[in-house]
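S.K.: Residues -3 to 135 (our numbering) are what the sequence shown spells out, left to right.
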Amino acid sequence: MLSFVLTFFVFIRSLFNMFKEPEFRSIFTLVIFTLALGTVTYHSIEGWTWIDSLYFSVITLTTIGYGDLAPVTDAGKIFTIIYVFIGIGILLGFVNASGEHFRKQHVERMSQGAPNFLWDSGNTLEEMEKDILENIKDE
-3 MLSFVLTFFV
7 FIRSLFNMFK
17 EPEFRSIFTL
27 VIFTLALGTV
37 TYHSIEGWTW
47 IDSLYFSVIT
57 LTTIGYGDLA
67 PVTDAGKIFT
77 IIYVFIGIGI
87 LLGFVNASGE
97 HFRKQHVERM
107 SQGAPNFLWD
117 SGNTLEEMEK
127 DILENIKDE
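(1) Are at least three pairs of beta-carbons, each pair with one atom in the region 1 to 18 and one in the region 34 to 52, less than 8 Å apart?
(2) Please determine if the region 95 to 106 and the region 64 to 81 are in contact, where contact requires at least 3 C-beta pairs separated by less than 8 Å.
(3) Would you mind reading off the limits of the alpha helix (DSSP H) that contains residue 60?
(4) Using the three-state DSSP reduction, which class does residue 104 fall into: helix, strand or coil?
(5) Within this structure, are the beta carbons of residue 97 and residue 42 separated by less than 8 Å?
(6) What does the Cβ neighbour count give for residue 0, buried or exposed, with the cut at 16 atoms within 10 Å?
(7) How long is the line joining the alpha carbons of residue 12 and residue 20, rounded to whole angstroms?
(8) Considering Cα atoms alone, identify which of 59, 60, 53 is closest to residue 138.
(9) What would DSSP say about residue 44, mapped onto helix, strand or coil?
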């Protein structure tokens, strides 16, 4: 449970850091707008509750698709087709912007000589191999 809480706080801190970049802010705003558009449209066309509409929008754009909800009306089905093609591209742009931020952060930390504890211990490959072999011998 502790690792989950720590990971969550690292994610929130990183999210706030990403908001300093204008490219990230614009793509994040576009993701929120896309989810809001899907939520309002499904609520209006399909008559679902607000939470069901938001849930279906997120599940659809993340391509999880549990199958517990599905559009019944023709308008809902047509909207879903368009929504998927546009929304997945926007969501992938968001994932790409996030990955680029983490890559820049990693390169910056490595150039400063600071170890990045999310990826490695700061040791060279030879030092890591030596540590592994010593731990195996001790057991």
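Backbone N, C-alpha and C define an ideal beta-carbon position, used for all residues, glycine too.
No experiment lies behind these values; they were computed from the predicted model shown.
M.R.: The structure says:
(1) no
(2) no
(3) For the purposes of this step, residue 60 is taken as the residue at position 64 of the sequence shown. Residue 60 -> no alpha helix (DSSP H), and no H or E assigned at all.
(4) Along the sequence shown, one-based indexing puts residue 104 at 108. Looking at residue 104 - three-state DSSP - the assignment turns out to be helix.
(5) What you label residue 97 is simply residue 101 of the sequence shown in a count that begins at 1. What you label residue 42 is simply residue 46 of the sequence shown in a count that begins at 1. Their beta carbons are not under 8 Å apart, which means residue 97 does not touch residue 42 by this criterion.
(6) Translated into positions along the sequence shown, residue 0 becomes position 4. Result: exposed.
(7) The residue given as residue 12 occupies position 16 in the sequence shown. The residue given as residue 20 occupies position 24 in the sequence shown. Taking the straight line joining both Cα atoms gives about 11 Å.
(8) As shown, the chain starts at -3 and ends at 135. That puts residue 138 outside it, with no answer to give.
(9) In the sequence shown, counting from the first residue as 1, residue 44 sits at position 48. Looking at residue 44 - three-state DSSP - the assignment turns out to be coil, as it is neither helix nor strand.
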